[in-house]
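Chemist:
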């Protein structure tokens, strides 16, 4: 991996943050929220998006690993006040549910 690629991935990792779904609802309403399934690395998905790797995205979409947030899922997240990982790759907002261990840690800290 080149130094430039490593630096970009590091930058994307630093820009990734936890955020409540309710704070993302206006972006969802605009159709710019993209759900990344937990088996994928959010930073890697963001990197591929910055590189415009369309074939990779088509593969992930066909496998159901990347795609729009379903309306039912959005309602559930709203009512449960879910917190997600998010990464902005303008104009898109990539989101990924917290892992089970992250959820447990969050519950303990409350």
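Numbering (this note's numbering), first residue to last: 42 to 151. For each residue, glycine too, the CB sits at the ideal point set by N, CA and C. Note that the structure is predicted; figures quoted are calculated from it, not measured.
Which residue's Cα is closest to the Cα of residue 131: 96, 72 and 44?
Modeler: In the chain shown, counting from the first residue as 1, residue 131 sits at position 90. Taking only the C-alpha atoms, the option nearest residue 131 is 72.
Chemist: Among residues of its own chain, excluding the 5 on either side of residue 68, which ones have a beta-carbon nearer than 6 Å to its beta-carbon?
Modeler: Sequence index remark: in the chain shown, residue 68 carries index 27 (1-based). Around residue 68: 74 and 134.
Chemist: What is the rounded straight-line gap between the Cα of residue 51 and the Cα of residue 120?
Modeler: Here residue 51 refers to the residue found at position 10 when the chain shown is read from its first residue. Here residue 120 refers to the residue found at position 79 when the chain shown is read from its first residue. Each residue's Cα considered, the two are about 33 Å apart.
Chemist: Residue 136: which of 60, 94 and 101 sits nearest, CA to CA?
Modeler: Taking the chain shown and counting its residues from 1, one reaches residue 136 at position 95. It is 60 whose Cα lies nearest to the Cα of residue 136.
Chemist: Which residues does DSSP pair with residue 124 in a beta bridge?
Modeler: On the chain shown, residue 124 is found 83 positions in, with the first residue counted as 1. Residue 124 is bridged to 61.
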